[in-house]
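Visitor:
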Amino acid sequence: MTDPLAELTCGDDDRAERAIPAILEMGAAAIPRLLELAQSQDSDSRWWAARALAASPHARTSDLVPFLGDSNPEIRAAAALGLSHHPGGDALPALIQTLGDSDPLTAGLAANALVKLGKPAVESLVEAAQEGQSNVRILALRALSEIRDHRAIPVMMQCIQEDSALLGYWAQLGLERLGLDMIYIKP
4 MTDPLAELTC
14 GDDDRAERAI
24 PAILEMGAAA
34 IPRLLELAQS
44 QDSDSRWWAA
54 RALAASPHAR
64 TSDLVPFLGD
74 SNPEIRAAAA
84 LGLSHHPGGD
94 ALPALIQTLG
104 DSDPLTAGLA
114 ANALVKLGKP
124 AVESLVEAAQ
134 EGQSNVRILA
144 LRALSEIRDH
154 RAIPVMMQCI
164 QEDSALLGYW
174 AQLGLERLGL
184 DMIYIKP
């Protein structure tokens with residue numbers, strides 16, 4: 004039988020994808036080899052390492068966080084998606100930073116991972132919604148509207164008063180999801 008971990012680096016995406024279930028069957032024993040593969044100079048190998056770690060129930064959040072700093076946006080996106088499946092508080096600072104990623108897909112996936120993290124992410128998201136760049140503020144507010152935590156009400160009220168349609172949309176939706184369905188108008 005072919006080594007499933009070797010299949011990840013064979014250069015054939017179909018074969019590599021078919022190897023994922025066999026790698027998952029290896030359990031925790033596959034994790035050290037995947038982490039070793041994550042150090043490869045080859046970006047395709049690093050992507051497949053991130054992909055396999057994201058799928059493994061034995062991977063820890065801390066196994067995926069370093070991928071968020073990779074130079075390749077596809078690898079950062081795979082890590083952010085993986086962190087949606089392995090939410091953990093130790094990923095919080097890196098995910099908040101990734102909201103400002105130059106790749107919009109990666110930034111959006113980081114917001115999704117923060118939603119999966121839930122209430123522990125609220126304070127950091129509120130801060131990002133208040134002080135971040137426009138794109139970061141929008142994603143933070145979207146995540147807050149999905150988490151539905153009352154601690155976000157002040158920042159949502161603040162964002163409704165601003166001239167950004169997207170901030171206003173997510174703020175309004177967030178307030179509605181919290182049961183505060185009122186019409187807010189600028190005086």
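The sequence shown begins at 4 in the working numbering and counts up by one. Here a beta-carbon is modelled for each residue, glycine too, at the ideal position from N, C-alpha and C.
Nearest to V125 by alpha carbon, out of M159, S137, W51?
Guide: The residue with the shortest Cα to Cα distance from V125 is M159.
Visitor: Which residues mark the beginning and the end of the alpha helix (DSSP H) in which A64 is found?
Guide: Going by the sequence as given, residue 64 is Thr instead of Ala. Its alpha helix (DSSP H) spans residues 64-67.
Visitor: Along the chain, where does the alpha helix (DSSP H) that runs through P96 open and close?
Guide: Start and end: 95-101.
Visitor: Alpha carbon to alpha carbon, what distance is there between L181 and G92?
Guide: When rounded, the distance between both Cα atoms is 24 Å.
Visitor: Keeping to the same chain, check which residues put their C-beta closer than 7 Å to that of G30; ignore five residues upstream and five downstream.
Guide: The residues are H61.
Visitor: Rounded to whole angstroms, what is the Cα-Cα separation between A131 and R54?
Guide: When rounded, the distance between both Cα atoms is 28 Å.
Visitor: Let me know the secondary structure DSSP gives S46 once reduced to three states.
Guide: S46: helix per DSSP, three-state reduction.
Visitor: Around the Cβ of D45, are there at least 16 other Cβ atoms within 10 angstroms (buried) or fewer (exposed)?
Guide: Per the 10 Å Cβ criterion, exposed.
Visitor: On the three-state DSSP scale, how would you describe S105?
Guide: S105 falls in the coil class under three-state DSSP.
Visitor: List the endpoints of the continuous alpha helix (DSSP H) containing A131.
Guide: Looking at the DSSP string, the run of the alpha helix (DSSP H) that includes A131 is 125-134.
Visitor: Figure out for me which residue from L67, S74, D17 has the closest Cα to the Cα of A83.
Guide: That would be L67, whose Cα lies nearest to the Cα of A83.
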